[in-house]
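Visitor:
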Amino acid sequence: MKCFKLISWFLLLGTPIWVSASEVEKYNIALDNSSLTAAVQAFKDNSNDATREKLMESLTNASYLIASNPSRQITEPDSQGYVFKDVDSEWDLLSIEDESGKSLLPIFSNWNELKQFFDFPVTGVVVKGKNVWELVLRSNDYEAILVDPISTSIELNRETLEYMSK
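If you count by mature numbering (1 follows the signal peptide of the UniProt record, and there is no 0), then the sequence shown holds residues -21 to -1, 1 to 145, one letter each, in order.
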């Protein structure tokens, strides 16, 4: 298991997506990433070009949670716990660094993974994989993405993200 530490909150422009309300436990919005789960398992069972391509496709099409500072909400949550922000909104996104000092953006395919990783209150910004790739590639703040650091710990470096963005 890798060791991580909190390094900073980054401000950046968001995309039209929704986030949960400030209490993750209260607003446990379901994400359906069953295709990703199946692709990860297929790749573990039989690592070959076909399962690798399917995994990359599933990673790109999945929805993820990016840890965010819950105190930065702009509006009150609606009846389902969603807070909508527009293209010009600012987001505080949490990044980490590994033991070698590499700056990573951790992303999570489910709420349990997000809640287990942090020992302080966070909320999740829900973003499609292809949008996360774009965010990291246009930023100099991250060297890689770390998908589900507790369970699968898939690290996607910039070269891999460029390939997956095509």
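Ideal placement from N, C-alpha and C gives every residue a C-beta, glycine not left out.
Values in this document were obtained by computation on a predicted structure and should not be read as measured data.
#1: By DSSP, does Lys145 sit in helix, in strand, or in coil?
#2: Assuming Asn12 and Asn91 are in contact, meaning their beta carbons sit under 8 Å apart, how far apart are those beta carbons, in whole angstroms?
#3: Thinking just about the alpha-carbon of each residue, which of Lys145, Val19, Phe96 is nearest to the one in Trp112?
#4: Assuming Glu134 and Leu125 make a contact with CB atoms under 8 Å, what is their CB distance in whole Å?
#5: Please list, in chain order, all residues of the same chain as Met35 whose beta carbon is under 6 Å from its beta carbon, the five residues on each side excluded.
#6: Please report the Cβ distance between Glu141 and Lys81, rounded to the nearest whole angstrom; I am assuming they are in contact, meaning their Cβ atoms lie under 8 Å.
#7: From Tyr43, Phe99, Val19, Asp120, pick the residue whose C-alpha is nearest to that of Glu76; which is it?
#8: Grouping DSSP H, G and I as helix and E and B as strand, with all else coil, what is Lys81?
#9: Using beta carbons (cut-off 9 Å, strictly below), is Lys81 in contact with chain D?
#10: Locate the alpha helix (DSSP H) running through Thr30, then write down its first and last residues.
#11: When you compare each of Gly103, Ala46, Arg31, Asp28 to Leu83 by their alpha carbons, which one comes out closest?
Guide: Considering the structure as presented:
#1: As a first step, residue 145 must be located in the sequence shown, where it is residue number 166. In the structure shown, Lys145 sits in coil (DSSP, three-state: anything other than H, G, I, E or B).
#2: Here residue 12 refers to the residue found at position 33 when the sequence shown is read from its first residue. Here residue 91 refers to the residue found at position 112 when the sequence shown is read from its first residue. Contact doesn't hold; Cβ gap of about 12 Å is too wide.
#3: By 1-based counting over the sequence shown, the position of residue 112 is 133. The residue with the shortest Cα to Cα distance from Trp112 is Lys145.
#4: To locate residue 134, count along the sequence shown from 1; it is residue 155. To locate residue 125, count along the sequence shown from 1; it is residue 146. That pair is a contact at about 5 Å.
#5: Locating residue 35 in the sequence shown gives position 56, counting from the first residue. Met143.
#6: For this step, residue 141 is matched to residue 162 along the sequence shown. For this step, residue 81 is matched to residue 102 along the sequence shown. Actually they are not in contact, since the Cβ atoms of Glu141 and Lys81 sit about 17 Å apart, beyond 8 Å.
#7: Translated into the one-based positions of the sequence shown, residue 76 becomes position 97. Here the closest residue by C-alpha is Asp120.
#8: Here residue 81 is taken as the residue at index 102 of the sequence shown, counted from 1. Correct three-state label for Lys81: coil.
#9: Considering every chain present, this structure includes no chain D. It has just one protein chain.
#10: Walking along the sequence shown from the start, residue 30 turns up at place 51. From DSSP, the alpha helix (DSSP H) with Thr30 extends over 28 to 40.
#11: Counted from its first residue, the sequence shown places residue 83 at position 104. Considering only alpha carbons, the answer is Ala46.
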